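Position 467 of the sequence shown, counted from 1, bears residue number 467 in UniProt numbering, the numbering being contiguous throughout.
C-beta: ideal position from N, C-alpha, C; glycine also.
Note that the coordinates shown come from a computational prediction; the quantities given were computed from them, not determined experimentally.
Working notes, beginning with the structure itself.
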Amino acid sequence: MRVSFCQGLLTGAIVLNLLILYYVSRAQQQMMEKRRDPGRGSRKAALPASGLGGGLVGVGGGMVGPGGVGGEGNSRGPRVTVLLREFEDFENYVGDVARSFLHQRPELPFLAVSDTPPYPPLSLPEGARLLVLSPSPEQPPQAHRPEFHVQTEFVLLVPDGVELEQGRAVERLIRELEGEGGGPVRLVAAPVLARSAVQCLHLRVSLREWTATYTPAASGSSGSVCTALQGDAVVLIRSEDLFNLSVPLGRPLLPSLFIQTSLHGWKVKLLESPCFSASHRPLFSSAHNQWKADSHLKEATSRLMRNFGLKRLLLADGKEQWHGCGKETARCFGTVRDDTPEYLYLDRWTPPCCLRALRETTKYVINILESSGVRYWLEGGSLLGAARHQDIIPWDYDVDLGIYLEDVPNCDYLKNLDSGSLVDANGYVWERAVEGDFYRVQYSEANHLHVDLWPFYPRNGVMTKDTWMEHKQDVEFPEHFLQPLVPMPFAGVTAYSPNNHRRGAAGTFWSFHVAHQKDKTILATTQNILVAIRDWVTSGYPLGTTVLKDAKMH
1 MRVSFCQGLL TGAIVLNLLI LYYVSRAQQQ MMEKRRDPGR GSRKAALPAS
51 GLGGGLVGVG GGMVGPGGVG GEGNSRGPRV TVLLREFEDF ENYVGDVARS
101 FLHQRPELPF LAVSDTPPYP PLSLPEGARL LVLSPSPEQP PQAHRPEFHV
151 QTEFVLLVPD GVELEQGRAV ERLIRELEGE GGGPVRLVAA PVLARSAVQC
201 LHLRVSLREW TATYTPAASG SSGSVCTALQ GDAVVLIRSE DLFNLSVPLG
251 RPLLPSLFIQ TSLHGWKVKL LESPCFSASH RPLFSSAHNQ WKADSHLKEA
301 TSRLMRNFGL KRLLLADGKE QWHGCGKETA RCFGTVRDDT PEYLYLDRWT
351 PPCCLRALRE TTKYVINILE SSGVRYWLEG GSLLGAARHQ DIIPWDYDVD
401 LGIYLEDVPN CDYLKNLDSG SLVDANGYVW ERAVEGDFYR VQYSEANHLH
451 VDLWPFYPRN GVMTKDTWME HKQDVEFPEH FLQPLVPMPF AGVTAYSPNN
501 HRRGAAGTFW SFHVAHQKDK TILATTQNIL VAIRDWVTSG YPLGTTVLKD
551 AKMH
């Protein structure tokens, strides 16, 4: 085979580019290895102390750099930094905690961390420092980032009011964590006051379902291994692991920590002993201060769940906490474009609070229709959900019911909706939809989650209507499908459906569902490729390795 001049030139250019890529990749790898060689501590110690002054405040109000926090100039320094994250400005014992630890272990760095400068200011002993996380425009970014102020191998997270009576307790925690090697146990905890005051829990976080579920875990003779704790505990974690979390020092601290570590597959080992003492229990001297602290905790929990995208917490005692939309708030997603709500682009399903509101609205509307003598049946995706899940499809955002047009005058809420809308005594909004000739019942004036009512009428034995949407499942069908209507479970109630709902759902709506799933798969693949390219560009991954690997995965 003859090779033309142009082909040879193109081949040479490709070889030259590959050589350039290879040597650039080698240079990047060598630079990364040089950065890792000095170790964790020296990376931070190399920063000028004057550049970090704004974030740390000493006992006299002076500023110190990370060298002052670490208290170590070489690898023989202390291995653990004591860090107190959660306390209330109006009443706390941060100074007492610092004095207790520094009395037993004066070489340990002690760091109190606050979102904003505490008022009144903390009274800290010599050797204890305050780190304020809120940035200031005149200071460098590392001044307020805690990973630049912790130079030890481990971090000991302690609650307010705790005391260190025996210095050996810290070494015991370190030995326990080191004994786990590189296994799934990445945290070790010790109870405060008594082992019975701390409960070991299993935590399952489903971001797709916006839900975190806590269940009790069994205790063992040498300690319990689980994924979350409830109660007062001192927790030891490697600094590298802590600062590899997206939000290492979120509040409330332990829920924030365990939500993230459980998603990494990490576990915590709760020891039977040692138990840390605490002379300040309860923490607050008055009922008013306790109320203020409880209010702050509730606000912080709601803010954390909102930031993490968790709408529902199932607690170990069987109770539920909701952090999503309600009757008085807007729904969790905006206007739907192209029949694809925004949460599907995040690879998530319908938020559980929205599904709850849809179920409540569905139950309410069905009761009104049945008591008014309006014949109805499940339509569209709602029929498919009933056939498959006995519920709303997990990623659907409304409910569709078909009704007989001739029955509309039987319902007081529908017959007077020629124009405008009305709000009934229970806060539901009944209106004629602006998109076409059908009705809509909204959860409330603020929350527009809704049930759509589609009026059908028979014509030559076929059920038809005046408004058609651009849905593949929106088609005419024989009237005998409704003679008789059959009951089936749906969204926690018994609703009526066409008598051939299984064949109808499989034939009419299956193609739409498959197409929708294919669109989601294509979208997710594209997003993953874009993420791989972004990581390559921003993180300096070696050329020709990460991007190619991610591309092969998809």
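Verify whether the separation of the beta carbon atoms of residue 556 and L187 is less than 8 Å. Past the edges of the chain, shown from 1 to 554, lies residue 556, and the structure says nothing about it.
Whose C-beta lies closer than 7 Å to the C-beta of S423 among residues of the same chain, with five residues either side of it excluded? First, the amino acid is wrong: residue 423 is Val here, not Ser. If we look at V423 and ignore the five residues flanking it on each side, its Cβ neighbours are V429 and E445.
Given L108 as reference, the closest of P458, G77 and L133 once Cα atoms are compared: Comparing Cα positions, the closest option is G77.
With a Cβ-Cβ cutoff of 8 Å, do S134 and D160 count as a contact? no
Could you give the distance in angstroms between the alpha-carbon of Q260 and the alpha-carbon of A212? 11 Å
Give the range of the alpha helix (DSSP H) segment to which residue 576 is assigned. This structure gives no information on residue 576, because the portion of the chain shown stretches from 1 to 554.
So is Q442 buried or exposed if we call it buried at 16+ other beta carbons inside 10 Å? Counting every other CB atom within 10 Å of its CB across the protein chains shown gives Q442 a total of 16 or more, marking it as buried.
A233 in three-state terms, based on DSSP: strand
Of the choices H448, F481, H450 and A190, whose alpha-carbon is the least far from that of T464? F481
Just to confirm the assignment: which complete alpha helix (DSSP H) runs, minimum length 4, are found wholly within the stretch 168–246? Residue ranges of uninterrupted alpha helix (DSSP H) with 4 or more members, entirely inside the stretch 168–246 and ordered along the chain, are 168–179 and 239–242.
Using 8 Å as the cut-off, can you tell me whether the stretch 163–181 makes contact with the stretch 247–264, which would need three or more C-beta pairs spanning the two stretches below that distance? no
Three-state class that DSSP yields for K292 in the structure shown: helix
How would you label S224, buried or exposed, when you count the other beta carbons within 10 angstroms and need 16 or more for buried? buried
For Y343, the nearest candidate out of V150, L401 and L207 (CA to CA): L207
Just to confirm the assignment: which complete beta strand (DSSP E) runs, minimum length 3, are found wholly within the stretch 402–486? 421–423, 429–432, 439–442, 450–459 and 462–464
Go ahead and pull the three-state DSSP assignment for P394. coil
Straight-line gap, residue 556 to V205 (C-alpha atoms, nearest Å): The chain is shown from 1 up to 554; residue 556 falls before or after that span and cannot be answered.
Determine, using beta carbons only, whether A218 and R359 come nearer to each other than 8 Å. no
How about the stretch 121–128 and the stretch 93–100: do they share at least three Cβ pairs that are nearer than 8 Å? yes
Helix, strand or coil, according to DSSP, for R337 in the structure here? strand
Through-space distance from C275 to G381, alpha-carbon basis: 56 Å
For L270, does the three-state DSSP call read helix, strand or coil? Look at L270 here: in three-state DSSP terms it is strand.
Could you tell me which of L384, D396, Y439 and E435 sits nearest to Y496, measuring between CA atoms? Selected option, being the one with the closest Cα: L384.
Look at the alpha carbon of G324 and the alpha carbon of N307, and state the distance between them as a whole number of angstroms. 12 Å
Comparing alpha-carbon positions, which option in P248, S196 and V399 lies nearest Q230? S196
Rounded distance between the beta-carbons of E86 and N289, thought under 8 Å: Not really, about 15 Å apart at Cβ, beyond 8 Å.
Cα-Cα separation between R440 and D452, rounded to whole angstroms: Each residue's alpha carbon lies about 5 Å from the other.
If you run the structure through DSSP and keep just helix, strand and coil, what is L108? coil
Going by DSSP, which residues form a beta bridge with P489? T494
Helix, strand or coil: how does DSSP classify Q260 here? helix
Selected residue, minimal CA-CA separation from P484, among Y376, L249, V399 and K269: Y376
Please classify I393 as buried or exposed, where buried requires at least 16 other C-beta atoms within 10 Å of its C-beta. buried
Tell me which residues share the same chain as S421 and place their Cβ nearer than 7 Å to its Cβ, disregarding the 5 neighbours each side in the sequence. V429, W430 and E431
Below 8 Å between beta carbons: does that hold for P146 and V132? no
Run through the stretch 295–331 for me and flag every whole beta strand (DSSP E) of 3 or more residues, listed as ranges in chain order. 312–314 and 320–322
Residue range of the alpha helix (DSSP H) that includes Y364: Per DSSP, Y364 belongs to the alpha helix (DSSP H) from P352 to S372.
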